[in-house]
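First up is the structure itself, then whatever we jot down about it.
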Amino acid sequence: MSLVILAGDDYNTQKKGKYMNCVGPKKEFVVEYSIYNALSIGIKHIVFVINQDFDIETKKYFQHIIESQGGTVEFILQTTYTAVSRSIYDKIEHRKKSWGNAHALMITKRHLMHPFIVIKSNEYYGIDAFIKAKELIENGTVIPNRYAMIAYELDKTFNLDTEINREVCSTNQHFLSSIDSPKTYIINEENEFSVNVDFWIFHPSIFRSLEDQFEDFLKENASELEKNFTLSDMIIEMMKENQLEVKVENSNQNWIEIIERENEQEVNHYIQELIHQHKYPNPLWK
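Taking my numbering, I'd label the letters of the sequence shown as residues 363 to 648.
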């Protein structure tokens, strides 16, 4: 197994290479808890997809952590021009943002030979999702043209507000049937929806489809400044064409997204609570 961490869109550099999502008691980044969870289920190979702001000191920091735990790490740079034909360079010269998380995953093709987990760097998923992902891989669920995802209950997607923006998933006998466009929901006890948080478990067979769909995406959207090539859109398109099925497992834990500096303290309190419950050591790394 491998872990792919999509960090190209999440990190904004601060002084000394630090980032705004330090939430642990020793200033650990929230992604370190995902790395800890991945290592705990036996993952030893971690791939970061990064942007140009991801500086050398931060690379060294993560490299030291992962290698000290017996793992290996690779860093892959995602830019607007990565894996894009030179023939359309003039059409995309004004685009400032990356092409989205499906493009970010696509450029890891040469680095992944076995089933792998995909997460975002600025989100906390809990250990339960990683354990379920390992089981899905080991029991043979994740094979060519059959992948998996971990969904979360709407009221367990941590947020400071009572109104949140989420993609609700529909399933049929534990297989994904649709992912709704993002909508605003009010948190209350009556909500029993499962939502997509982009925790995916893929087989390397996905890369052929990613490349084909990205080529089609650029034909229609090369001049668009905001349109994104997303994993959820790509997966649904493949399902419509009967190329794919996706097994859905629900996590029973909380999911947390670091959005702004304002919710760092709230997330820090939650991490402290998990430490008090002996879910994580303090400090995280020894």
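All residues carry an ideal CB built from backbone N, CA and C; glycine is no exception.
Roughly how many whole angstroms lie between the Cα atoms of K378 and N612? Reliability of the predicted coordinates at K378 is poor, the pLDDT of 34 falling under 50, and the value obtained from them is presented with this limitation in mind. Answer to the nearest angstrom: the Cα atoms are 38 Å apart.
Just the C-alpha distance for N501 and H631, rounded to the nearest angstrom, thanks. Taking the Cα positions, N501 is about 36 Å away from H631.
Inter-stretch contact at 8 Å, needing at least 3 Cβ pairs: the stretch 475 to 482 / the stretch 577 to 588: no
Residue range of the alpha helix (DSSP H) that includes T420: I418 to S430
Is it true that the CB of V559 sits closer than 8 Å to the CB of V392? No, the pair does not count as a contact, with Cβ atoms beyond the cut-off.
Residue range of the beta strand (DSSP E) that includes A513: Counting along the chain, the beta strand (DSSP E) containing A513 begins and ends at R508 to E515.
Would you call H638 buried or exposed, if buried means 16 or more other Cβ atoms sit within 10 Å of its Cβ? exposed
Cβ pair G345, I633 closer than 8 Å: Since the displayed the chain opens at 363 and closes at 648, residue 345 lies outside it and no answer follows.
Integer-rounded CB distance, given that T503 should sit under 8 Å from V411: V411 to T503, Cβ: 25 Å. No contact.
Contact set for P643: own chain, Cβ-Cβ below 7 Å, skip 5 residues either direction: none
H640 burial status per 10 Å Cβ neighbour count (16 or more: buried): exposed
Could you tell me the alpha carbon to alpha carbon distance between E635 and T444, rounded to whole angstroms? 41 Å
Tell me, which residues are paired with H473 by DSSP? DSSP output for H473 lists no bridge partner at all.
Just to confirm before moving on: does the CB-CB distance between A400 and L368 stay below 8 Å? no
The beta strand (DSSP E) that contains E607, what's its start and end? Here the beta strand (DSSP E) through E607 covers E607 to S613.
Buried or exposed (CB count within 10 angstroms, at least 16 for buried), H536: exposed
Using CA atoms only, rank isn't needed, just tell me which of E626, Q615, I408 and K609 is closest to A491. Q615
For I568, does the three-state DSSP call read helix, strand or coil? helix
If I measure Cβ to Cβ from H456 and keep anything under 8 Å in the same chain, skipping five residues before and after, which residues do I get? L587
Compute the Euclidean distance between the alpha carbons of T519 and V608, then round it to the nearest angstrom. 21 Å
One question on the structure: do G433 and H407 come within less than 8 Å of each other, judged by their Cβ atoms? yes
Just curious, the alpha helix (DSSP H) that V392 is in, first and last residue? Element bounds for V392: V392 to S402.
First and last residue of the uninterrupted alpha helix (DSSP H) at S594: L593 to K602
How many Å lie between D417 and G370 at the Cα? About 12 Å.
Below 7 Å CB to CB, which residues in the same chain sit around I512 once its five sequence neighbours on both sides are set aside? So the list reads A491, K494, A495, F561, E611 and S613, once near-sequence residues are dropped.
So, is H426 buried or exposed, given that buried needs 16 or more other C-beta atoms within 10 angstroms? It counts as exposed.
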